[in-house]
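Engineer: As you go down the protein sequences, you meet chains H and U in turn.
Quick note on the numbering used here: the first sequence kicks off at 1 and runs consecutively.
Quick note on the numbering used here: the second sequence kicks off at 104 and runs consecutively.
Ideal placement from N, C-alpha and C gives every residue a C-beta, glycine not left out.
As the structure is a prediction and not an experimental result, all values here were calculated from the model.
Starting off with a structure, shown below.
Protein chains: 2
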Amino acid sequence: MLDQRTPPLDRLFQALADPSRRAMVERLSRGPASVSELAKPLPMSLQAVVQHLQVLEASGLVKTEKLGRVRTCQIEPAVLRSAEQWITERRTSWEERLDRLGE
Amino acid sequence: MLDQRTPPLDRLFQALADPSRRAMVERLSRGPASVSELAKPLPMSLQAVVQHLQVLEASGLVKTEKLGRVRTCQIEPAVLRSAEQWITERRTSWEERLDRLGE
DNA sequence: CGGACGGTCAAGCACTGACTTGACTATGTG
DNA sequence: CACATAGTCAAGTCAGTGCTTGACCGTCCG
Numbered sequence: 001m002l003d004q005r006t007p008p009l010d011r012l013f014q015a016l017a018d019p020s021r022r023a024m025v026e027r028l029s030r031g032p033a034s035v036s037e038l039a040k041p042l043p044m045s046l047q048a049v050v051q052h053l054q055v056l057e058a059s060g061l062v063k064t065e066k067l068g069r070v071r072t073c074q075i076e077p078a079v080l081r082s083a084e085q086w087i088t089e090r091r092t093s094w095e096e097r098l099d100r101l102g103e
Numbered sequence: 104m105l106d107q108r109t110p111p112l113d114r115l116f117q118a119l120a121d122p123s124r125r126a127m128v129e130r131l132s133r134g135p136a137s138v139s140e141l142a143k144p145l146p147m148s149l150q151a152v153v154q155h156l157q158v159l160e161a162s163g164l165v166k167t168e169k170l171g172r173v174r175t176c177q178i179e180p181a182v183l184r185s186a187e188q189w190i191t192e193r194r195t196s197w198e199e200r201l202d203r204l205g206e
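Rendered as structure tokens:
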């Protein structure tokens with residue numbers, strides 16, 4: 001689940017593949033949050049949320065830091081950008097090909 | 104596996120979550136291909152590739168058409184773009200927030 | 001101090017996902 | 001026609017994922 005040997009892009013897209021995790025990313029894109037803040041809108045146990053969080057951390061998408069008894073989570077936009085980039089590259093590759101063909 | 108009830112973004116990111124499927128998308132971004140052309144570089148049975156292809160089709164990422172006995176596959180860049188867009192929105196949302204904070 | 005709060009550890013379970021194999025169908029080709 | 005090619009259908013295996021529950025631990029507050 002937090003296997004460091006699986007390639008970064010794999011962990012990244014797999015992290016984004018789950019709707020609950022995307023909801024968490026969406027929440028975090030509006031600012032940092034604690035674990036229980038993240039959990040509040042989600043229809044599952046706190047523990048389940050923690051597990052999702054671990055996947056997000058392993059992917060690098062989210063960084064967390066514990067201060068006192070509260071763990072605060074933040075998005076890592078650079079990593080988000082690398083997923084973005086993979087997609088953009090494939091898409092433009094296809095579109096350039098169409099252009100070369102005269103369309 | 105090809106459940107039409109699951110939301111589009113879910114099927115989309117889930118399709119991209121698998122390395123073999125990304126390899127197929129990568130191949131297709133350089134031009135259309137038949138099923139067996141897609142299968143050639145992959146270390147698995149043809150049937151496995153067909154199953155991946157079904158996931159890609161269900162996500163809308165790939166369109167296929169059968170002519171005679173050969174099925175030809177093509178990328179659908181618009182769908183690729185919608186995944187791209189989701190990521191971009193979250194990322195910029197975060198970055199704008201940093202800007203507002205002075206930083 | 002004592003309790004509530006925020007989170008962690010560990011185990012277990014149902015379901016899904018990524019394959020395989022084997023039998024089969026339809027379309028081309030010498 | 002006979003054979004190869006290109007794919008399809010169905011079934012089964014096996015590991016991984018997404019959850020749950022229950023016990024626990026450290027931190028803060030009245």
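Using the beta-carbon count (16 or more within 10 Å), is valine 70 of chain H buried or exposed?
Structural biologist: By the 10 Å Cβ count, valine 70 of chain H comes out exposed.
Engineer: Suppose you measure from the CA of leucine 183 of chain U to the CA of arginine 11 of chain H; what does that come to, to the nearest Å?
Structural biologist: Each residue's alpha carbon lies about 19 Å from the other.
Engineer: Let me see if you follow: with CB-CB separation under 7 Å, is glutamate 65 of chain H close to chain U or not?
Structural biologist: So no, glutamate 65 of chain H is outside the interface.
Engineer: Chain U partners of leucine 80 of chain H, CB-CB under 9 Å?
Structural biologist: Those within 9 Å of leucine 80 of chain H in chain U are Ile190, Thr191, Arg193, Arg194, Trp197.
Engineer: If we cut at 7 Å on Cβ distances, does glycine 205 of chain U have a partner in chain H?
Structural biologist: False, the Cβ-Cβ gap to chain H never drops below 7 Å.
Engineer: Classify methionine 127 of chain U: buried if its beta carbon has 16 or more other beta carbons within 10 angstroms, exposed otherwise.
Structural biologist: Looking at its Cβ environment, which holds 16 or more other Cβ atoms inside 10 Å, methionine 127 of chain U is buried.
Engineer: Show which residues of chain H have a CB atom less than 9 Å away from the CB atom of glycine 163 of chain U.
Structural biologist: Simply none; closest approach about 14 Å.
Engineer: Please list the terminal residues of the continuous alpha helix (DSSP H) segment that includes arginine 30 of chain H.
Structural biologist: Counting along the chain, arginine 30 of chain H falls outside any alpha helix (DSSP H), and DSSP gives it neither H nor E.
Engineer: Can you check which of these residues, U/Gln188, U/Gly134, U/Leu112, U/Arg125, is closest to aspartate 99 of chain H by C-alpha distance?
Structural biologist: Out of U/Gln188, U/Gly134, U/Leu112, U/Arg125, U/Gly134 has the C-alpha closest to the C-alpha of aspartate 99 of chain H.
Engineer: Output, in chain order, the set of chain H residues within a Cβ distance shorter than 9 Å of proline 111 of chain U.
Structural biologist: Under the 9 Å cutoff, chain H gives no residues; its nearest Cβ is about 11 Å from proline 111 of chain U.
Engineer: Reducing DSSP to helix, strand and coil, say where valine 174 of chain U ends up.
Structural biologist: It is arginine, not valine, that sits at residue 174 of chain U in the sequence shown. Three-state DSSP puts arginine 174 of chain U in a strand.
Engineer: Quick check on this structure: which residue in H/His52, H/Arg91, H/Ser20 has the alpha carbon closest to the alpha carbon of isoleucine 178 of chain U?
Structural biologist: It is H/Arg91.
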